[in-house]
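**Q** Quick one: the structure is below, and I'll ask about it shortly.
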Amino acid sequence: MKNEDMLINKAALKPLNTFAIDVRAQCVAAVRTEKELVTLWRRATENNMPALVLGSGSNVLFLEDYDGTVLLNRIAGIMIRENADAWYLHVGAGEVWHDLVTTCLDYQITGLENLAMIPGCVGSAPIQNIGAYGVELAQLCEYVDIIQLKTGVKRRLSSNECEFNYRDSIFKHDLREHNVIVAVGLRLAKAWRPVLDYGDLTLLNIGNVTPRQIYTAICAMRCSKLPDPALAGNAGSFFKNPIIDAQGAEKLLQRYPDAPYYFQPNSRVKLAAGWLIERCKLKGYRLGGTAVHDKQALVLVNAYNATGWDIVALARHVRQQVAQRFDLWLEPEVRFIGAKGEVDALRVIA
Ligand code: FAD
Ligand code: EPU
Numbered sequence: 003m004k005n006e007d008m009l010i011n012k013a014a015l016k017p018l019n020t021f022a023i024d025v026r027a028q029c030v031a032a033v034r035t036e037k038e039l040v041t042l043w044r045r046a047t048e049n050n051m052p053a054l055v056l057g058s059g060s061n062v063l064f065l066e067d068y069d070g071t072v073l074l075n076r077i078a079g080i081m082i083r084e085n086a087d088a089w090y091l092h093v094g095a096g097e098v099w100h101d102l103v104t105t106c107l108d109y110q111i112t113g114l115e116n117l118a119m120i121p122g123c124v125g126s127a128p129i130q131n132i133g134a135y136g137v138e139l140a141q142l143c144e145y146v147d148i149i150q151l152k153t154g155v156k157r158r159l160s161s162n163e164c165e166f167n168y169r170d171s172i173f174k175h176d177l178r179e180h181n182v183i184v185a186v187g188l189r190l191a192k193a194w195r196p197v198l199d200y201g202d203l204t205l206l207n208i209g210n211v212t213p214r215q216i217y218t219a220i221c222a223m224r225c226s227k228l229p230d231p232a233l234a235g236n237a238g239s240f241f242k243n244p245i246i247d248a249q250g251a252e253k254l255l256q257r258y259p260d261a262p263y264y265f266q267p268n269s270r271v272k273l274a275a276g277w278l279i280e281r282c283k284l285k286g287y288r289l290g291g292t293a294v295h296d297k298q299a300l301v302l303v304n305a306y307n308a309t310g311w312d313i314v315a316l317a318r319h320v321r322q323q324v325a326q327r328f329d330l331w332l333e334p335e336v337r338f339i340g341a342k343g344e345v346d347a348l349r350v351i352a
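Numbering (my numbering), first residue to last: 3 to 352.
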């Protein structure tokens, strides 16, 4: 197939973002090889036009039509090697994360089960260091391969160089622009240790639990709490859980002893933004075509034909209510995309 055949002009982005925001791009193209990625990006950005790389669009909020080319990363392939201690996976950025988790389980390769059902592509996983149910990508990631689009130069970053943190990595900072993740290397230890510290997982028996049981339990928990984007547009948690110092946490916990909290390194404490929002009586709150999800207040949904700006209005309201009550300003986890590219979500929402 020639590159031209893959270009779709004036393409609808609604099926390409899980918020189901009805906007368009000048052009959309799927890229299946590194060479295609570089060639199409160069062509798309001639005459200073913007280009945006997307995986599954499950962590973005489009504010308006995109005045450039959207490149869908569809670089496929899974290579597996093993030694006595571990499996080593080299995975193309365009592979679907949940399918990778399921495939591994089918081949009795363990370690990814807690990260089941996280939407999105493998190449997006390192960007916000995806995490759920007590496991983060950082713990399993060996390296990330990127291509510097302007030069076409490929580079391998070790896990350390990725500067992983809670919902954060170097790919949100120094390497945010003009660097595309093309593959991810994972190391999955053969000495399997079930991670059962989180939520209903504590009900499982650590003595005889199987990876498949954890996978099934997680899929069930996620389905019971999180809205299916196919039914109600959303991008998962809209805000990050706030991390505050021990003093602030102590003050809050004196006033609200039932507030969930999680100890972090450096005497810091992570709070549950969903709990804070629910405490503001906003669970199920509706504003125009948008709503705070009625089972998970950290998720904002496109209930009916909402625009990106409608979601921003709801998010702003939620943020202000939480600040008024708890003196804490929530930060968006979702990336905001304007007509020319990513915009500063904190500024937009302020
Ligand atoms: P996209 O939304 O396509 O892209 C996200 C950002 O990364 C954009 O800025 C894009 O330009 C950039 N980007 C995409 N691909 C590349 C690339 N190859 N190279 C460079 N930049 C790129 N997240 C969690 O961590 N844990 C969860 O439990 C979780 N649950 C979710 C549940 C639901 C129902 C939904 C809708 C989302 C959830 N998320 C969760 C958020 C989301 O799944 C992750 O952020 C995921 O990694 C996004 O992948 P994506 O391919 O959809 O990224
Ligand atoms: N809670 C409430 N009310 C709510 C929502 C949550 O009281 O409406 C309470 C829960 O009862 C629990 C605590 O808050 O005590 C934490 O809730 P939950 O286990 O649902 O997780 P979360 O902190 O809201 C985070 C991630 C999710 C991830 C889950 C499971 C962030 C921003 N979100 O949510 O990731 O799936 O933990 O590990 O860290 C995402 O990033 O998009 C995402 C969905």
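Built from N, CA and C at the ideal position, the CB exists for glycine as well.
The model shown is predicted, which means the values in this text are computed figures rather than measured ones.
Contact defined as beta carbons within less than 8 Å: I believe L188 pairs with L142. What is the distance between those atoms, to the nearest angstrom?
**A** Contact holds; Cβ gap of about 5 Å.
**Q** Beta carbon of I148, beta carbon of I183: below 7 Å?
**A** Taking 7 Å as the Cβ cut-off, I148 and I183 qualify as a contacting pair.
**Q** When you measure from the CB of G209 to every non-hydrogen atom of the ligand FAD, does any distance come out below 6 Å?
**A** No, Cβ of G209 sits at least 6 Å from all heavy atoms of the ligand FAD.
**Q** In whole angstroms, give me the CA-to-CA distance for D329 and L254.
**A** Each residue's alpha carbon lies about 10 Å from the other.
**Q** Three Cβ pairs or more, each shorter than 8 Å: is that satisfied between the segment 62 to 69 and the segment 22 to 39?
**A** Contact between the segment 62 to 69 and the segment 22 to 39 is present, because at least three Cβ pairs lie under 8 Å.
**Q** Which whole-angstrom value describes the C-beta separation of D202 and G136, a residue pair presumed to lie in contact below a C-beta threshold of 8 Å?
**A** Not a contact, Cβ separation roughly 12 Å.
**Q** What does L273 pair with, by DSSP beta-bridge criteria?
**A** For L273, which the question treats as bridged, DSSP gives the partners Y263.
**Q** Need the endpoints of the alpha helix (DSSP H) that E84 sits in, please.
**A** From DSSP, E84 is part of no alpha helix (DSSP H) but of the beta strand (DSSP E) over 80 to 84.
**Q** Assign W311 to buried or exposed, taking buried as 16 or more other Cβ atoms, counted over all protein chains shown, within 10 Å of its Cβ.
**A** Exposed, because fewer than 16 other Cβ atoms sit within 10 Å of the Cβ of W311.
**Q** With a 10 Å radius around its C-beta and 16 neighbouring C-beta atoms as the bar for buried, classify A275 as buried or exposed.
**A** The residue in question, A275, is buried, as its Cβ has 16 or more Cβ neighbours within 10 Å.
**Q** Is it buried or exposed for F265, if we count other Cβ within 10 angstroms and need 16 for buried?
**A** Classification for F265: exposed.
**Q** Using 8 Å as the cut-off, can you tell me whether the segment 292 to 311 makes contact with the segment 54 to 66, which would need three or more C-beta pairs spanning the two stretches below that distance?
**A** Yes, the segment 292 to 311 touches the segment 54 to 66.
**Q** Evaluate R158 with the Cβ neighbour count: other Cβ atoms within 10 Å of its Cβ, from every protein chain shown; 16 or more gives buried, anything less gives exposed.
**A** When all chains shown are included, R158 counts as exposed.
**Q** Measure the CB-CB distance between S126 and G57 and report whether it falls below 7 Å.
**A** Against a cut-off of 7 Å, the Cβ pair of G57 and S126 comes out as a contact.
**Q** Write down every uninterrupted run of the beta strand (DSSP E) in the segment 201 to 252 whose length is 3 residues or greater and which is fully enclosed by it, in chain order.
**A** Entirely contained in the segment 201 to 252, the beta strand (DSSP E) runs reaching 3 residues are, in chain order, 245 to 247.
**Q** Beta-carbon separation of A191 and A325 under 7 Å?
**A** Not in contact: A191 and A325 (Cβ atoms no closer than 7 Å).
**Q** Would the segment 106 to 121 and the segment 210 to 224 be scored as touching if the rule is three or more Cβ pairs under 8 Å?
**A** At 8 Å Cβ cutoff, the stretches touch.
**Q** Leaving out five residues on either side along the sequence, give the residues of the same chain with a beta carbon under 8 Å from the beta carbon of D7.
**A** Bear in mind that a pLDDT of 43 at D7, under 50, signals an unreliable position, so the model cannot answer this.
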